[in-house]
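Chains as they are written, first to last, in full-length UniProt numbering: chain A, 1 to 101; chain B, 1 to 101; chain C, 1 to 101; chain D, 1 to 101; chain E, 1 to 101; chain F, 1 to 101; chain G, 1 to 101; chain H, 1 to 101; chain I, 1 to 101; chain J, 1 to 101.
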């Protein structure tokens, strides 16, 4: 089951460079662990913006909320979730489900 | 080079069912030809809406505009284009370019 | 898995009273069949508006899209879907899943 | 009489973790007391967001305003209230009124 | 129980002057019957606009929805409802309930 | 001459409880003096919000601006003013002008 | 008493050129009669748009609403009214009231 | 050449009363010098708001930007500029150009 | 003096293909005559949209309004005008004025 | 390949005048180096605003994102990117590509 997730990051002034970079390292590490498991299927940077377009594949809304709220940068993000479904024009291989470990 | 394209379809009252279905058949045929060539990389239906989220991979803005304006349903769509770039957290294989024919 | 669905109905001028009432009868019949199966859990009228707030319980995004696009009034609706999850403050019985037939 | 209440929580930077968690505990305790009384009928988390969709059943606008303004997190919330009514398509049991103590 | 109701009237091109004036006469007659009963407490024209600001006093959301959906111009209106409560700064006589017949 | 005034109050973090409560006392005292004079005709609380809907009766725009800008909470408010006129459907007694002292 | 009035004109397809031009002639004639009386103090075209920025000087909201609703193009306009007051930085001669006949 | 300029003033918390009043004095002094030269043709207060509607007459966009960016309160303003032109309904004397010194 | 002009074209259903193509031919011819004169400095297509971003260089607001309102497609356009000025970071040659014939 | 980039600068209160002016000097120096290379083709100030309209010519989305995120003021900007293409009405010389060093 696919969802588009758009994340907009707002760095608060109260965090200094070291704290912010540490958060970002943990964010990347956590994100990549989800990518390797196959739940975090795509991520693109929006050009000129500190935001991204992501595609998640999960089994339930609850699973998605837990993944997102565990992102180290979650308290500093605005997140917009859009439920997606297979499109009748799409080729079958576009919706192959990941082998999740 | 990736772009997110969000298409919102508005069926005009002036087209009858036969005309509309013919346009949709041609739309699907044209879309799938682009998918097979590798320029139209992903398409998802937005749940509950007559719209989709699509990802295109093209060599230039001009190529993207030509592909979109040739869609048979283009005169009946609102289209929003977002330029995307590789994300530093993304795994390298996420940005493999298609072998386009 | 719960979703909030907000439906805004726009009656087109091209449909006469008989056609419109027939559509609404079929809408009510179809909706109530889903309510009896347990997928259509709640529906409220928004006071002063031709719109409603509905809660669906489904197994997947695909199931939800199919249910919604089969609504007889679907071509005349704007629909907004919000993915919901259990809330930590909610009492357990609030999330009892329906016995669906 | 039903109302949809959408609550968006904004944590201020001036509250430290201990103060915030204490407020949240009191919020959950107060909310659950209303749920047990039957005035706070439903609560769902919006996936990916620090907001919720709630359904209240009250006897008057004044009662609703008093309940909401007594929420411990009320000073840190944006709240949107929508008046609801029974829907003609709804099954009668959907509008059973709670036995409030 | 008070509600603010903002009504925006959109005259459709399909109604001729006679039909429109007849609807408006019935609208005024119906509105004034509610005013005399005390449910329709205030109405003001928004300067420069075909809209109004109205205050209703009703016993329930259901009563308000029924009153509004019976307005002869209801199919041609956008209506926005705001639930109101007594204000702590208000003088007691501001909230005297009407003697409704 | 009637105006609808919608006031949205934003409490700044820089004011402590004592300062804020003092301002609110002065606000209520000043508001009630205007109510007794008949210029401040109605005030309702918007349910679930720290805002109100008010109706003023004044002789000129300048008088209204002076009344509003003298509100002790004015520096912490967003204010929206809507010019109102008698409505042709309104009963004559709805527009009785106050005897202002 | 001054008001800013912003008028956005929408020509309906149902009026042919002759009908439209006749309406516009009557609009100009009526507008200029108000300008000569001194109630219609200023009018500017918004560059690139079929809209204008106007300043009216009237004695009451009712007078303004009557003037506007008598504009021959009123049924085809969106109108936004903003109540204005003298500005403390303004030179006294900026607020000289017109000698109205 | 006329422009409408709408200025919204946001007082920052970091400035104390003395600093703010000094800025406002300089603002008024500078504004009135432009009014006497004839470039700053009109200013009105928006009722209930800390904003104004102003009309400038300048020879070029560059001249307008320089005038505005030299306003002592410019760093604390949101400014919206609308290019204006003579309106065909306007009386000729409405567009008399100022004798600028 | 530079202005950014954003034009959004809405084709009405009442014009057939021949009428529309004739208008577009005249639009291109007229636009190119302005380009050759140097008043219409730049035009770009917005990718995926029937709109453009244009830069005009004119001597006055009146000149710009006359140029735009003479566009054959003007009755079918939404137009947004933004006044521009030289930017202090810009290289001098970026603001060379055209030799207009 | 052309892109319109609209930059809105928000100066944070935490930076003093010296820090801010140093950032702006570096911004101008960096911007002008891109202008000389031909990637930063145009920049205009929006009149009355601390924002600009810029045109970039780059070979890819990735190149554009790198250029923008290296702007010294990037952390204090809201940036909006619009993909552009040649317009069929444009004269060929309008799309001459820069000789980039």
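We treat Cβ as the ideally placed atom computed from N, Cα and C, and that holds for glycine.
Buried versus exposed call for residue 93 of chain G [16 or more other C-beta atoms within 10 Å across all chains shown]: Residue 93 of chain G sits at position 93 when you count from the first residue of the seventh chain. By the neighbour-count criterion, in which 16 or more other beta carbons inside 10 Å mark a residue as buried, residue 93 of chain G falls on the exposed side.
Going by DSSP, which residues form a beta bridge with residue 81 of chain D? What you label residue 81 of chain D is simply residue 81 of the fourth chain in a count that begins at 1. D:5, per the DSSP bridge assignment.
Taking contact to mean at least 3 C-beta pairs separated by less than 8 angstroms, is the stretch 59–73 of chain D in contact with the stretch 10–29 of chain E? No contact exists between the stretch 59–73 of chain D and the stretch 10–29 of chain E.
In the DSSP assignment, find the unbroken beta strand (DSSP E) run with residue 41 of chain E in it and report its ends. Position 41 of the fifth chain holds residue 41 of chain E. For residue 41 of chain E, the enclosing beta strand (DSSP E) has its first and last residue at 40–46.
Which bits of chain F does residue 52 of chain D rub up against, with CB to CB less than 7 angstroms? By 1-based counting over the fourth chain, the position of residue 52 of chain D is 52. Per Cβ cutoff of 7 angstroms: no residues; residue 52 of chain D is ~13 angstroms from chain F at best.
Mind checking whether residue 57 of chain A and residue 39 of chain A have CB atoms under 7 angstroms apart? Within the first chain, numbered from 1, the residue matching residue 57 of chain A stands at position 57. Within the first chain, numbered from 1, the residue matching residue 39 of chain A stands at position 39. Yes, the pair counts as a contact, with Cβ atoms nearer than the cut-off.
Residue 15 of chain C: which of C:75, C:55, C:41, C:44 sits nearest, CA to CA? By 1-based counting over the third chain, the position of residue 15 of chain C is 15. Nearest option by C-alpha distance: C:75.
Assuming residue 89 of chain E is part of the alpha helix (DSSP H), what are its boundary residues? If you number the fifth chain from 1, residue 89 of chain E lands on position 89. Residue 89 of chain E -> no alpha helix (DSSP H), and no H or E assigned at all.
Under 7 angstroms (Cβ pairs) to chain J, residues found in the UniProt domain "Muconolactone isomerase" (1–89) of chain A: Per Cβ criterion, the list reads 13, 45, 47, 48, 49.
Can the beta-carbon of residue 42 of chain F be found closer than 7 angstroms to that of residue 52 of chain E? The residue labelled residue 42 of chain F in the question sits at position 42 within the sixth chain. The residue labelled residue 52 of chain E in the question sits at position 52 within the fifth chain. Not closer than 7 angstroms, so no.
Mark residue 11 of chain A as exposed unless 16 or more other C-beta atoms lie within 10 angstroms of its C-beta, in which case mark it buried. To locate residue 11 of chain A, count along the first chain from 1; it is residue 11. By the neighbour-count rule (16 or more Cβ atoms within 10 Å), residue 11 of chain A is not buried but exposed.
Just curious, the beta strand (DSSP E) that residue 51 of chain F is in, first and last residue? Taking the sixth chain and counting its residues from 1, the one referred to as residue 51 of chain F is at position 51. Note, residue 51 of chain F: beta strand (DSSP E), 51–57.
Cut-off 6 angstroms between Cβ atoms - residues of its own chain near residue 34 of chain F, not counting five sequence neighbours on either side: In the sixth chain, residue 34 of chain F corresponds to position 34, counting from 1. Cβ-Cβ distances below 6 angstroms link residue 34 of chain F to 40 in the same chain, with the five nearest sequence neighbours on each side left out; the list follows chain order.
For residue 79 of chain J, I'd like the list of residues in its chain whose CB is within less than 8 angstroms of its CB, leaving aside the five on either flank, ordered along the chain. Residue mapping note: residue 79 of chain J aligns to position 79 of the tenth chain, counting from 1. Cβ neighbours of residue 79 of chain J beyond the five flanking positions: 5, 6, 7, 8, 68.
Distance check for residue 47 of chain F and residue 1 of chain D, CA to CA, integer angstroms please. As a first step, residue 1 of chain D is located in the fourth chain; it is residue number 1 there, counting from the start. As a first step, residue 47 of chain F is located in the sixth chain; it is residue number 47 there, counting from the start. Going by the C-alpha atoms only, they are around 14 angstroms apart.
To the nearest angstrom, report how far apart residue 45 of chain I and residue 84 of chain J are at their CA atoms. What you label residue 45 of chain I is simply residue 45 of the ninth chain in a count that begins at 1. What you label residue 84 of chain J is simply residue 84 of the tenth chain in a count that begins at 1. Computed Cα separation, rounded: 6 angstroms.
For residue 50 of chain J, I'd like the list of residues in its chain whose CB is within less than 6 angstroms of its CB, leaving aside the five on either flank, ordered along the chain. Numbered from 1 along the tenth chain, position 50 holds the residue referred to as residue 50 of chain J. Within the same chain, Cβ atoms closer than 6 angstroms to the Cβ of residue 50 of chain J are found at 9, the five residues on either side in sequence being excluded.
Interface flag, residue 101 of chain B vs chain I, CB-CB below 7 angstroms: The residue given as residue 101 of chain B occupies position 101 in the second chain. Low confidence applies here, because residue 101 of chain B scores a pLDDT of 45, under 50, leaving its location unreliable and the question unanswered by this model.
Continuous alpha helix (DSSP H) stretch holding residue 60 of chain E: start and end: Within the fifth chain, residue 60 of chain E is the residue found at index 60, counting from 1. That residue, residue 60 of chain E, is in no alpha helix (DSSP H); it is neither H nor E in DSSP.
My output table needs one value for residue 75 of chain A: the three-state DSSP class, helix, strand or coil. As a first step, residue 75 of chain A is located in the first chain; it is residue number 75 there, counting from the start. In the structure shown, residue 75 of chain A sits in a helix (DSSP, three-state: H, G or I).
Could you check which residue in B:17, B:54, B:60 has the C-alpha nearest to that of residue 89 of chain A? Within the first chain, residue 89 of chain A is the residue found at index 89, counting from 1. Residue B:54 is the option with its Cα nearest to residue 89 of chain A.
So, at 7 angstroms on beta carbons, what are the nonlocal neighbours of residue 95 of chain F in its own chain, with the 5 sequence-adjacent residues on each side left out? One-based indexing of the sixth chain puts residue 95 of chain F at position 95. So the qualifying residues of the chain are 86.
Inter-residue spacing [alpha-carbon to alpha-carbon] between residue 36 of chain G and residue 63 of chain H: Position 36 of the seventh chain, counting from 1, holds the residue named residue 36 of chain G. Position 63 of the eighth chain, counting from 1, holds the residue named residue 63 of chain H. Straight-line measurement puts the Cα of residue 63 of chain H at about 33 angstroms from the Cα of residue 36 of chain G.
Endpoints, the alpha helix (DSSP H) within which residue 34 of chain D is located: The count along the fourth chain starts at 1 and reaches residue 34 of chain D at position 34. Looking at the DSSP string, the run of the alpha helix (DSSP H) that includes residue 34 of chain D is 17–37.
Quick check: what's the CA-CA separation for residue 101 of chain E versus residue 13 of chain C? As a working mapping, residue 101 of chain E is identified with position 101 in the fifth chain. As a working mapping, residue 13 of chain C is identified with position 13 in the third chain. In this prediction, residue 101 of chain E has a pLDDT of 46, which is less than 50 and means its spatial position is unreliable; nothing more can be read from the coordinates.
Kindly indicate which three-state DSSP category residue 14 of chain I falls into: helix, strand or coil? Taking the first residue of the ninth chain as 1, we reach residue 14 of chain I at position 14. Residue state, collapsed to three classes: coil.
My guess is that residue 91 of chain E and residue 32 of chain F are in contact by the Cβ rule of under 8 angstroms, so how many angstroms apart are they, rounded? Along the fifth chain, one-based indexing puts residue 91 of chain E at 91. Along the sixth chain, one-based indexing puts residue 32 of chain F at 32. So it is a contact: roughly 6 angstroms between Cβ atoms.
Report the rounded CA-to-CA distance for residue 30 of chain H versus residue 65 of chain H, giving the unit in angstroms. As a first step, residue 30 of chain H is located in the eighth chain; it is residue number 30 there, counting from the start. As a first step, residue 65 of chain H is located in the eighth chain; it is residue number 65 there, counting from the start. As the crow flies, the alpha-carbon of residue 30 of chain H is around 15 angstroms from that of residue 65 of chain H.
Kindly indicate which three-state DSSP category residue 101 of chain H falls into: helix, strand or coil? Stepping through the eighth chain from its first residue, residue 101 of chain H is reached at position 101. Note that residue 101 of chain H scores 45 on pLDDT, short of 50, meaning its location in the model is unreliable; the coordinates nonetheless yield the value given after this. Coil.
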